[in-house]
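As structure tokens, the structure follows; a few thoughts come after it.
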Amino acid sequence: MSSLKSVARELREFAAGLADSRGVQSEELTSRQDALLLLALSALKELETSGSPADLAQAAKSARRLLRVFLPHPVVEKGQSLEYEQQDSERPSRKRERESKDDTGKAEKEESDNVSVDLGQYAKAHVFDDNAKKRDKFARLMGGRRNEGSHHNTFAPDKTTIKRINGELEEQFNNALVRSGRKGLGA
């Protein structure tokens, strides 16, 4: 059992963390309403994650989503952006889906300029020297824009592994020769 004082202290810490994640210093809150809203949202989040019954957790989640709109935002001068706004801009939204193709083309072009292209064995081919768009498309189709290695094991096996593999293959080959005329599942 926990006391009201300890729960209130934890709730205050959660609210301060929420304010920091939104870019608002807890000392900079302009109104009592903002402070109460942060406390309420952090209490709902804690109630949601504390292992309460499913219907109570669902109700807390829906209430938290409704109140999230009213969270305080820090005062920002023109030309500056906030961390959470930059994170939100990375997520696709319905409004962005309706933008024209020209805007999406510009975004793809900026993205392709920022991503290094690994053409692998085709890096020295002079086919793509003139056309960056063609090079980017080729790299995208060949998987070279991800800067990833291959997904399979490319290390050379040691001698014991090679012996084991050859033994298994030889056994399978011999079994196939013995059962060459038989048909069905038992063959």
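Mapping of the sequence shown onto the numbering used here: residues 1092 to 1278, in sequence order.
Glycine included, C-beta positions come from ideal geometry on N, C-alpha and C.
Every value quoted in this text rests on a predicted model; they were computed, and no experiment measured them.
Secondary structure at residue i, three-state DSSP: helix, strand or coil?
{"i": "residue 1133", "result": "helix"}
{"i": "residue 1162", "result": "coil"}
{"i": "residue 1271", "result": "coil"}
{"i": "residue 1142", "result": "coil"}
{"i": "residue 1215", "result": "coil"}
{"i": "residue 1264", "result": "helix"}
{"i": "residue 1234", "result": "coil"}
{"i": "residue 1102", "result": "helix"}
{"i": "residue 1093", "result": "coil"}
{"i": "residue 1247", "result": "coil"}
{"i": "residue 1112", "result": "helix"}
{"i": "residue 1122", "result": "coil"}
For residue i, count neighbouring C-beta atoms within 10 Å of its own C-beta (all shown protein chains included) and say buried if the count is 16 or more, exposed if not.
{"i": "residue 1099", "result": "exposed"}
{"i": "residue 1123", "result": "exposed"}
{"i": "residue 1151", "result": "buried"}
{"i": "residue 1230", "result": "buried"}
{"i": "residue 1273", "result": "exposed"}
{"i": "residue 1221", "result": "exposed"}
{"i": "residue 1267", "result": "exposed"}
Short of 8 Å in beta carbon distance, which residues of its chain neighbour residue i, apart from the five on each side in sequence? Order them along the chain.
{"i": "residue 1154", "result": "1135"}
{"i": "residue 1210", "result": "1216, 1219, 1226, 1229, 1230, 1233 and 1235"}
{"i": "residue 1256", "result": "1248"}
How about residue i and residue j: do their beta carbons lie closer than 8 Å?
{"i": "residue 1161", "j": "residue 1133", "result": "no"}
{"i": "residue 1137", "j": "residue 1095", "result": "no"}
{"i": "residue 1126", "j": "residue 1158", "result": "no"}
{"i": "residue 1139", "j": "residue 1148", "result": "yes"}
For residue i, which residues of its own chain have a beta-carbon under 7 Å away from its beta-carbon, when the five flanking residues on both sides are left out?
{"i": "residue 1217", "result": "none"}
Go through its chain and collect everything with a Cβ distance to residue i's Cβ below 6 Å, but skip five positions before and after it.
{"i": "residue 1212", "result": "none"}
Can you confirm whether residue i, when its beta carbon is compared against all beta carbons of chain B, has any partner nearer than 8 Å?
{"i": "residue 1263", "result": "As a matter of chain content, chain B is missing from the structure shown, which is built from one protein chain."}
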